[in-house]
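Sequences listed follow chains A and B, in order.
Using my numbering, read the first sequence as starting at 17 and increasing by one per residue.
Using my numbering, read the second sequence as starting at 52 and increasing by one per residue.
Glycine included, C-beta positions come from ideal geometry on N, C-alpha and C.
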Amino acid sequence: MSSSAALAQGVQNVMSTGEATSFWVLGPLALLGALGMIFAKNAVHSALFLVLTMLCLGIMYMVQQAPFLGFVQIIVYTGAIMMLFLFVLMLVGRDSSDSVVEVLRGQRLAATVLGVGLAALVVTAISRALTDVTPVGLQGQEANGGNGNVENIGRSIFTDWLFPFELTSALLITAAVGAMVLGYVDRHTRGRKTQRELVEARFRGEHDRPSPLPGPGVFATSTSVATPALLPDGSVAPESLSRLIDSVAAEELHEERKAVAGTSHTAEGRALNPSTREGESS
Amino acid sequence: MTRAELLADDPLWLILIKVVIVLLIGPVMTIFLIIWERKAIGRMQQRPGPNRVGPGGYLQSVADAIKLPFKEQIIPAGADRKVYFLAPIITVIPAIMAFSVMPIGPEVSIFGERTVLQLVDLPVGVLVVLACSSLGIYGIVLAGWSSGSPYPLLGGLRSAAQMISYEIAMGLSIVGVVLYAQSLSTGDIVGAQQTGWFFFLLPFSFVIYLISMVGETNRAPFDLPEAESELVGGFHTEYSSMKFALFFLAEYVNMVIVSAFATTLFLGGYMAPWPISLIGDNYFNSGWWPVLWFFGKTFLLLFCFIWVRATLPRFRYDQFMRIGWKVLVPLNLIWIVLIAGLRAIRGEAEVSTGQILTFGGIIVLIIIGLSFVFDRGRPEEDPDQVPVTGSGYPVPPLDLEIPTAPKRKAVRGRNRRRPATVGAGSEGRTDAEKESNDGDL
Numbered sequence: 017m018s019s020s021a022a023l024a025q026g027v028q029n030v031m032s033t034g035e036a037t038s039f040w041v042l043g044p045l046a047l048l049g050a051l052g053m054i055f056a057k058n059a060v061h062s063a064l065f066l067v068l069t070m071l072c073l074g075i076m077y078m079v080q081q082a083p084f085l086g087f088v089q090i091i092v093y094t095g096a097i098m099m100l101f102l103f104v105l106m107l108v109g110r111d112s113s114d115s116v117v118e119v120l121r122g123q124r125l126a127a128t129v130l131g132v133g134l135a136a137l138v139v140t141a142i143s144r145a146l147t148d149v150t151p152v153g154l155q156g157q158e159a160n161g162g163n164g165n166v167e168n169i170g171r172s173i174f175t176d177w178l179f180p181f182e183l184t185s186a187l188l189i190t191a192a193v194g195a196m197v198l199g200y201v202d203r204h205t206r207g208r209k210t211q212r213e214l215v216e217a218r219f220r221g222e223h224d225r226p227s228p229l230p231g232p233g234v235f236a237t238s239t240s241v242a243t244p245a246l247l248p249d250g251s252v253a254p255e256s257l258s259r260l261i262d263s264v265a266a267e268e269l270h271e272e273r274k275a276v277a278g279t280s281h282t283a284e285g286r287a288l289n290p291s292t293r294e295g296e297s298s
Numbered sequence: 052m053t054r055a056e057l058l059a060d061d062p063l064w065l066i067l068i069k070v071v072i073v074l075l076i077g078p079v080m081t082i083f084l085i086i087w088e089r090k091a092i093g094r095m096q097q098r099p100g101p102n103r104v105g106p107g108g109y110l111q112s113v114a115d116a117i118k119l120p121f122k123e124q125i126i127p128a129g130a131d132r133k134v135y136f137l138a139p140i141i142t143v144i145p146a147i148m149a150f151s152v153m154p155i156g157p158e159v160s161i162f163g164e165r166t167v168l169q170l171v172d173l174p175v176g177v178l179v180v181l182a183c184s185s186l187g188i189y190g191i192v193l194a195g196w197s198s199g200s201p202y203p204l205l206g207g208l209r210s211a212a213q214m215i216s217y218e219i220a221m222g223l224s225i226v227g228v229v230l231y232a233q234s235l236s237t238g239d240i241v242g243a244q245q246t247g248w249f250f251f252l253l254p255f256s257f258v259i260y261l262i263s264m265v266g267e268t269n270r271a272p273f274d275l276p277e278a279e280s281e282l283v284g285g286f287h288t289e290y291s292s293m294k295f296a297l298f299f300l301a302e303y304v305n306m307v308i309v310s311a312f313a314t315t316l317f318l319g320g321y322m323a324p325w326p327i328s329l330i331g332d333n334y335f336n337s338g339w340w341p342v343l344w345f346f347g348k349t350f351l352l353l354f355c356f357i358w359v360r361a362t363l364p365r366f367r368y369d370q371f372m373r374i375g376w377k378v379l380v381p382l383n384l385i386w387i388v389l390i391a392g393l394r395a396i397r398g399e400a401e402v403s404t405g406q407i408l409t410f411g412g413i414i415v416l417i418i419i420g421l422s423f424v425f426d427r428g429r430p431e432e433d434p435d436q437v438p439v440t441g442s443g444y445p446v447p448p449l450d451l452e453i454p455t456a457p458k459r460k461a462v463r464g465r466n467r468r469r470p471a472t473v474g475a476g477s478e479g480r481t482d483a484e485k486e487s488n489d490g491d492l
């Protein structure tokens with residue numbers, strides 16, 4: 017135990033070789049991640065660069081004798097929060113580009129002002145930390161006022177800083193609940209109906225037809241969805257042709273459709289109507 | 052000397068040996084697990100399983116492991132090549148790393164050097180395992196995304212949601228253990244189980260951990276990210292050759308990790324099980340014996356994985372998420388409040404177990420009484436109510452009397468027609484008779 021106490025004393029202003037090496041490896045990596053996050057074109061790549069930066073920070077905390085903070089950084093930030101970011105980005109789709117239309121008015125100005133303010137805040141905090149605060153070693157059982165690093169964190173969170181801690185968690189819960197409420201409100205205001213409401217509206221005549229559109233003519237003569245369905249009188253059901261496939265296959269199907277409808281000179285229509293062929297052969 | 056101090060004294064060669072062993076445990080166990088799983092499931096399904104390569108077919112997975120890297124690598128045209136390449140690596144590395152904090156044995160002597168069978172004993176060892184599993188998800192999610200086709204993307208999305216939710220349940224069930232052991236270091240947690248293993252001190256945490264560890268490793272019945280019947284192969288649909296092998300490796304190494312972690316947290320780690328621990332003043336808990344107990348318990352849990360896979364059908368996705376969020380997490384929170392309260396009461400005052408049980412019983416009775424007081428009763432059943440389906444459409448009553456069918460006239464009609472076909476001769480006659488017989492039947 018005396019050795020760790022000595023370590024805690026000796027840590028004041030000395031940086032060990034291992035610490036220096038890890039800093040010069042991790043520092044550029046973290047910076048690279050931060051720059052990559054800003055300049056990457058793909059949103060998912062951006063998120064991955066941010067993950068790299070967060071991982072580097074987590075490992076730096078560990079090197080600085082704060083393993084608890086380091087692993088919590090990895091679990092919470094890289095593990096949970098960035099994963100949620102990725103989740104959303106993946107749902108948005110890989111090829112979607114940013115919209116250049118400004119939805120919020122004056123957001124660039126506000127962002128500049130707030131960004132400068134944040135930068136000033138960070139610089140002040142860092143300069144204070146560099147000049148006024150004397151560093152204390154975190155390693156060992158008696159470090160930083162006894163009981164070791166993890167116990168000290170727990171003690172200060174649940175005794176001295178209990179109220180801010182609870183306040184933060186309340187803030188997070190409020191945000192989560194708010195997001196859910198907004199999500200549910202959105203569904204009603206935009207008029208997305210439930211299945212039941214949709215059925216009732218259909219039968220009230222608010223839509224073109226109460227039933228779904230007829231399927232394609234995928235029967236014994238064809239397995240293609242581009243084949244038109246036939247009405248009982250042998251004519252083509254126009255609604256059975258997909259709008260998507262129309263643009264591709266409508267021209268190719270033109271002859272067949274005419275044939276089936278009986279408006280062309282060929283006798284190909286029988287190919288789609290097996291009963292006529294049977295009648296002829298017997 | 053404590054475990055951490057013993058480990059800090061390790062010379063470099065010993066650390067290197069341990070690193071190599073920790074690195075190899077995962078792949079070697081994977082090769083064994085695959086053939087073991089196939090054999091065990093074969094036996095449960097009354098078929099031999101693989102029986103061609105080697106004695107009894109037990110070299111099959113070695114052959115597969117040699118074959119896989121030599122297969123052709125296919126990278127889909129729509130893939131994001133860099134991320135596609137990185138994803139399997141990101142999956143494997145954390146999985147193998149997590150084994151470094153598992154305490155495999157107590158103090159032993161290796162070539163005259165006293166040490167403990169563990170690579171590192173961090174004061175936050177438990178968090179290392181959690182961090183590694185949360186990083187491993189990235190590989191799966193990115194694999195799904197970078198493949199550039201819908202099935203893998205769906206698999207990746209599912210696994211992201213699934214692993215985050217089950218990691219919460221898993222982390223909460225570990226909280227109970229940490230409360231009892233009063234330490235986050237894996238070595239100390241095993242040490243704290245000298246007086247009693249945590250699986251019967253914290254049965255609830257243990258059960259929830261077991262469920263969530265299956266969810267966390269994407270294994271049946273929770274293998275939704277790679278559900279064959281729904282998503283082809285899930286996140287690894289587009290992967291082949293060595294990259295696919297790495298996903299396979301990661302899945303099995305993760306199984307080993309969570310099983311070893313469960314052993315460490317709940318099953319007394321490397322300590323000898325009860326009847327054996329009585330022999331010769333706990334002789335079997337010293338030297339190299341504990342390695343046997345550690346891996347024995349781990350394999351027991353791994354067998355449960357295989358057994359569950361052979362027995363249970365796959366969950367539906369929404370049901371699975373509902374279990375995670377609406378059952379496991381709330382129950383776990385209640386349980387944590389309960390044990391934290393118990394520990395606080397015990398720590399504050401001299402309270403006997405009898406007093407705790409008495410007061411606990413009184414509180415439970417009060418809660419039951421309150422639930423009776425505030426019970427609004429069942430809504431009264433309307434006897435004339437027409438039973439409806441979920442969508443509100445009327446369905447026929449269960450005691451519906453089906454009117455009897457009218458006498459069949461079709462058969463008689465066919466008989467009447469028979470004389471007309473008789474003229475074709477004796478053969479035609481027998482045919483017609485057959486037909487009429489068919490009709491009578």
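The alpha helix (DSSP H) enclosing residue i, as first and last residue numbers
| i | result |
| --- | --- |
| R132(B) | 132-148 |
| G86(A) | 83-88 |
| G347(B) | 340-362 |
| V388(B) | 380-399 |
| M264(B) | 254-267 |
| E213(A) | 211-219 |
| S251(A) | Unbroken run through S251(A): none, as it is neither H nor E. |
| G207(B) | 201-232 |
| T140(A) | 123-147 |
| S280(B) | 279-282 |
| Q111(B) | 111-118 |
| K294(B) | 292-317 |
| Y77(A) | 59-79 |
C-beta neighbour in chain B for residue i, strict 8 Å
| i | result |
| --- | --- |
| P83(A) | yes |
| N168(A) | no |
| M99(A) | yes |
| G49(A) | no |
| E35(A) | no |
| F87(A) | yes |
| S32(A) | no |
| E294(A) | Per-residue confidence for E294(A) stands at a pLDDT of 46, beneath the threshold of 50, marking its modelled position as unreliable; the derived number appears in the next sentence. Output row for E294(A): interface = no. |
| M76(A) | no |
Proximity test, Cβ basis, 8 Å: residue i and chain A
| i | result |
| --- | --- |
| W196(B) | yes |
| G207(B) | yes |
| P276(B) | no |
| L353(B) | no |
| R469(B) | Confidence in R469(B) is poor, its pLDDT being 48 and thus under 50, which makes the residue's placement unreliable; the coordinate value appears in the next sentence. So no, R469(B) is outside the interface. |
| I407(B) | no |
The beta strand (DSSP E) enclosing residue i, as first and last residue numbers
| i | result |
| --- | --- |
| F167(B) | As written in the sequence, residue 167(B) is Val, which differs from the Phe given in the question. 164-168 is the span of the beta strand (DSSP E), which, as asked, contains V167(B). |
| I97(A) | Where I97(A) is concerned, there is no enclosing beta strand (DSSP E), given that its DSSP letter is neither H nor E. |
| I86(B) | Element bounds for I86(B): not the beta strand (DSSP E) but the alpha helix (DSSP H), 63-95. |
| I161(B) | 156-161 |
Neighbour list for residue i in chain B, Cβ cutoff strictly below 7 Å
| i | result |
| --- | --- |
| I91(A) | L178, L181, A182, S185 |
Anticipated Cβ contact below 8 Å, residue i with residue j, distance rounded
| i | j | result |
| --- | --- | --- |
| V167(B) | P157(B) | 6 Å |
| M98(A) | L66(A) | 6 Å |
| Y189(B) | I141(B) | 5 Å |
| I259(B) | L382(B) | 7 Å |
Contact set between residue i and chain A, taken where Cβ atoms lie within less than 9 Å
| i | result |
| --- | --- |
| I215(B) | G95, A96, M99, L100, F103 |
| P174(B) | P83, F84, G164, N165, V166 |
Contact list for residue i against chain B, beta-carbon separation under 9 Å
| i | result |
| --- | --- |
| V60(A) | D131, V134, L193, W196, S197 |
heavy atom of the ligand NAD below 7 Å from residue i C-beta
| i | result |
| --- | --- |
| L48(A) | What this structure holds is no ligand at all, so the ligand NAD is not there to describe. |
Interface residues of chain B facing residue i [CB-CB closer than 8 Å]
| i | result |
| --- | --- |
| M196(A) | Per Cβ cutoff of 8 Å: no residues; M196(A) is ~13 Å from chain B at best. |
Listed by chain order, chain A residues near residue i by CB distance under 7 Å
| i | result |
| --- | --- |
| L204(B) | M106 |
Validate contact between the segment 202-213 of chain B and the segment 298-311 of chain B using beta carbons, cut 8 Å, 3 pairs: With a cut-off of 8 Å on Cβ pairs, the segment 202-213 of chain B is not in contact with the segment 298-311 of chain B, counting fewer than three such pairs.
Counting pairs of Cβ atoms below 8 Å between the segment 252-267 of chain B and the segment 338-351 of chain B, do you hit three or more? A contact between stretches requires three or more CB pairs, one per stretch, nearer than 8 Å, and the segment 252-267 of chain B fails this requirement with the segment 338-351 of chain B.
Spell out a yes or no on whether the segment 356-370 of chain B and the segment 169-183 of chain B are touching, meaning 3 or more CB-CB pairs, one atom from each, closer than 8 Å. Short answer: they don't touch.
Between the segment 65-82 of chain B and the segment 96-103 of chain B, do three or more beta carbon pairs fall short of 8 Å? When Cβ pairs closer than 8 Å are counted between the two stretches, the segment 65-82 of chain B is seen not to touch the segment 96-103 of chain B, the count staying below three.
When you compare the segment 220-231 of chain B with the segment 279-288 of chain B, are there three or more beta-carbon pairs, one atom per stretch, that lie closer than 8 Å? Counting Cβ pairs under 8 Å, fewer than three are found: no touch.
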